[in-house]
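Undergrad:
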Amino acid sequence: MLNLAIVLEDSAEKTPDRTALVYGDIRMTYAMVDGLANQVAGLLAARGIRPGDKVALACPNLPYFPFVYFGALKAGAVVVPLNVLSASREIAYYLEDSDAKALFCFEGTPELPLGERGKAAFDAAPGTEHFIVLPAQPLATESSIEGAETLWGALDGVSDRFESVQTAADDTAVILYTSGTTGHPKGAELSHQNMLMNAVVSDEMVPRYDGEDSTMAVLPLFHSFGQSSVMNAGLRRGAKLVLMPRFEPAEALSLMRSESVTLFAGVPTMYWALLATIRAGGAQPPETLRSAVSGGSALPLEVLREFHETFGVQILEGYGLSETAPTASFNQLHRPTKPGSIGFPIWGVQMKLVDPDWNTIEGEGPGEIAIRGHNVMKGYYNRPEATAEVMRDGWFRTGDIARRDEDGYYFIVDRAKDLIIRGGFNVYPREVEEVLMTHKAVSLAAVVGVPHQTHGEEVKAFVVAEAGTEPTEEELVEWCRERLASFKYPRSVELRETLPMNATGKILKRELR
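Residue numbers (the numbering used here): 6 to 518.
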């Protein structure tokens, strides 16, 4: 028997008085978080939630998230974390598609009126029977949302002792919804084994230090990277999680110093923003930082180089997807790091390159990454046809194109869906972006394919300039033309103050298209 809640329970038993969560002035010990999770589990059991029932959770990086998450797991329920930026119709879709029986929803703030959207979604999803508000004000027992009960009101009188339901290793623990770049989002069913093994292996790949480890939790916890590699791995380690609901680079650097953060995990745009803040004189690098992990999308080599020079820490780049719980490969400590590489498969996981017909590609490639191991999802919830499209004989095909060197290290070339075909030639946007990022006036770049009457697609770049610089389109086109093959360089460059990003900081190329 296996229940993912053990990552919290074990640390609460070993180090009950150690700080588990920090949010502003709130500091919670492991014993406190575990006790609140027990109360949530008892509440769910009393409300008729049975093992296997789905419990949705819409909450930013606040202390509520961990204890509601683990409370649902202790009750044997399946957690369905929801993107807090979702519109009410999207939340209703997730509730109905997952067959959720309950929704825990953060009340929100004027800037994030999540509770109103959650209530509208709950009213539109008749199969969801319970709506519980996580109030913006600490310990509030009344909600600003008409007819809704708050968590603290619901927990009144509920015991903080609960014996976790025994679940099988292959029972579903979490359903994570994909971003839905093509069609409706699909729910990836991840088992207790998927999630627990990924947390354990992720934890073991990052060095431990004397004293208390402190992890910055700024990646959204509803996302697989923040949930598994930061929250679950951090709690399993007994680390202090410093919660940050919204990434602001200057505030993040300040928290790193005040809370003696030893590990930072982020997406490439977060590292870019930290460096830009330091270059602008807005902050200094923290002295305690010992480890940095990047994932979510390819890390530009210029960012990797500058971060190492500025912080004195080598960013370890990894790779994964929601469907792989998420980590699949990593630059690991017992092997040399190769800049620009996503490393090699983590313990217990295999990777290979395949062609569109699932044939294995030997040698360097390129080819589409396929993965199998303890991290691969059970399938998409209630979607056998969609599951069959991406899974065969235990292998999951990712949609990402990579090459492999003679030492077995993998290098992402690009997303298959981002590939630009110009006049019959393949252009990988990342290669063009890397060249643009070497220009002294370029701070951030994204490259996409746009329709063209004769070539099929043309290469277009979107660029954010470095502060105090004014590069011209002609200058940047010429920079690329001198460094790339004639079919690869962008024919147009659009300068912008910002680029569209999702909640995790990944650039939304579909919006740029």
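Glycine residues also receive a C-beta, built at the ideal position from the N, C-alpha and C atoms. Since the structure is predicted, the reported quantities are computational estimates derived from the model, not experimental observations.
To the nearest angstrom, how far is the alpha carbon of valine 440 from that of glutamate 311?
TA: Straight-line Cα distance between these residues: approximately 15 Å.
Undergrad: Less than 7 Å between C-beta atoms, sequence neighbours within five positions excluded: which residues of the same chain meet that for arginine 262?
TA: So the qualifying residues of the chain are Pro291.
Undergrad: Check glycine 372 in the structure and name its three-state DSSP category.
TA: Here glycine 372 sits in strand by DSSP.
Undergrad: With DSSP as the reference, please indicate the residues paired to proline 86 in a beta bridge.
TA: Answer by DSSP bridge pairing, in chain order: Leu62.
Undergrad: In this structure, how does DSSP classify threonine 114 when only helix, strand and coil are distinguished?
TA: In the structure shown, threonine 114 sits in coil (DSSP, three-state: anything other than H, G, I, E or B).
Undergrad: Output the residue ranges of the alpha helix (DSSP H) runs that lie fully inside the stretch 116-153 and measure 4 residues or longer, sorted by chain position.
TA: With a minimum length of 4 residues, the continuous alpha helix (DSSP H) runs that stay inside the stretch 116-153 are 119-129.
Undergrad: Between which two residues does the beta strand (DSSP E) holding arginine 262 run?
TA: Not the beta strand (DSSP E): arginine 262 falls in the alpha helix (DSSP H), residues 254-263.
Undergrad: Less than 8 Å between the CB atoms is what I'm expecting for methionine 442 and glutamate 307, so what's the real figure, rounded?
TA: About 4 Å; that satisfies the 8 Å criterion.
Undergrad: Given this structure, state the Cα-to-Cα distance separating alanine 288 from asparagine 199, to the nearest angstrom.
TA: C-alpha separation (whole angstroms): 39 Å.
Undergrad: Going by the CB atoms, is the gap between glutamine 355 and valine 163 shorter than 7 Å?
TA: Contact flag unset, no.
Undergrad: Under 7 Å Cβ to Cβ from methionine 236, same chain only, skipping five residues before and after it: list those, please.
TA: Excluding residues within five positions, the ones whose Cβ falls inside 7 Å are Pro71, Ala222, Leu226 and Leu246.
Undergrad: Closer than 7 Å by C-beta to leucine 48: which residues in its own chain qualify, once you throw out the five before and the five after it? Chain order, please.
TA: Counting only Cβ-Cβ distances below 7 Å, and skipping sequence neighbours, we find Ala159, Leu160 and Val163.
Undergrad: What's the C-alpha gap between threonine 474 and alanine 446?
TA: Near 6 Å, if we compare the C-alpha coordinates of alanine 446 and threonine 474.
Undergrad: Can you find a heavy atom of the ligand FMN that lies under 6 Å from the Cβ of valine 163?
TA: Ligands are entirely absent from the displayed structure, and the ligand FMN is therefore not among its contents.
Undergrad: Please name the residue in Gly120, Arg166 and Ala129 whose C-alpha comes closest to that of leucine 155.
TA: Just to set this straight, residue 155 is threonine in the shown sequence, not leucine. Comparing Cα positions, the closest option is Gly120.
Undergrad: Going along the chain, which unbroken runs of the beta strand (DSSP E) with 3 or more residues stay wholly within the stretch 334-387?
TA: Those beta strand (DSSP E) runs which fall completely within the stretch 334-387 and span 3+ residues are 354-359 and 372-378.
Undergrad: Taking the alpha helix (DSSP H) that aspartate 30 belongs to, which residues open and close that run?
TA: Aspartate 30 -> no alpha helix (DSSP H), and no H or E assigned at all.
Undergrad: What residue range does the beta strand (DSSP E) around leucine 9 cover?
TA: Note, leucine 9: premise wrong, no beta strand (DSSP E); not H, not E.
Undergrad: Classify leucine 49 as helix, strand or coil using the three-state DSSP reduction.
TA: In the structure shown, leucine 49 sits in a helix (DSSP, three-state: H, G or I).
Undergrad: I'd like to know if the stretch 407-425 and the stretch 370-383 are in contact, where contact means that at least 3 CB-CB pairs between them fall below 8 Å.
TA: Counting Cβ pairs under 8 Å, three or more are found: they touch.
Undergrad: Among Val12, Gly81, Lys343 and Val482, whose alpha-carbon lies nearest the alpha-carbon of serine 207?
TA: Nearest C-alpha to serine 207: Val12.
Undergrad: Quick check on this structure: which residue in Ala244, Arg420, Phe349 and Pro389 has the alpha carbon closest to the alpha carbon of glutamate 411?
TA: For glutamate 411, the nearest C-alpha among the options comes from Phe349.
Undergrad: On a CA-only basis, which of Ile320, Lys19 and Ala451 is nearest threonine 267? Give me that one, please.
TA: Answer by Cα proximity: Ile320.
Undergrad: Which two residues bound the contiguous alpha helix (DSSP H) that contains arginine 241?
TA: Residues 238-242.
Undergrad: Could you check the C-alpha separation between aspartate 58 and glutamate 436 for me, to the nearest Å?
TA: Distance between the alpha carbons of aspartate 58 and glutamate 436: 45 Å.
Undergrad: From the DSSP output, which residues share a beta bridge with proline 108?
TA: Correcting the residue identity first, residue 108 is leucine in this sequence and not proline. Looking at the DSSP assignment, leucine 108 forms a beta bridge with Ala61 and Phe136.
Undergrad: Tell me whether methionine 6 is buried or exposed, calling it buried when 16 or more other Cβ atoms sit within 10 Å of its Cβ.
TA: So methionine 6 ends up on the exposed side.
Undergrad: Looking at the strands, I want to know which residues DSSP matches up with alanine 407.
TA: Its beta-bridge partners are Gly372 and Ile417.
Undergrad: Specify the secondary structure class of glutamate 18 as computed by DSSP and reduced to three states.
TA: In the structure shown, glutamate 18 sits in a helix (DSSP, three-state: H, G or I).
Undergrad: Quick check on the DSSP output: the alpha helix (DSSP H) that includes asparagine 1 runs from which residue to which?
TA: Residue 1 lies beyond the residue range present for the chain, which begins at 6 and ends at 518; the question has no answer from this structure.
Undergrad: Out of curiosity, what's the CA-to-CA distance linking threonine 274 and leucine 224?
TA: So the alpha carbons of these two residues sit roughly 12 Å apart.
Undergrad: Would you tell me roughly how many angstroms separate the C-alpha atoms of glycine 152 and phenylalanine 136, rounded to the nearest one?
TA: Rounded to whole angstroms, glycine 152 to phenylalanine 136 spans 10 Å at the Cα level.
Undergrad: Which whole-angstrom value describes the C-beta separation of serine 149 and alanine 126, a residue pair presumed to lie in contact below a C-beta threshold of 8 Å?
TA: That pair is no contact at about 17 Å.
Undergrad: Verify whether the separation of the beta carbon atoms of leucine 87 and alanine 63 is less than 7 Å.
TA: A contact, by the Cβ cut-off of 7 Å.
Undergrad: Can you tell me which of Leu280, Val498, Ser299 and Cys485 puts its alpha carbon nearest to the alpha carbon of glycine 231?
TA: Comparing Cα positions, the closest option is Ser299.
Undergrad: For the alpha helix (DSSP H) holding leucine 160, just list the boundary residues, first then last.
TA: It spans 156-160 - the alpha helix (DSSP H) in which leucine 160 sits, taken as one unbroken run.
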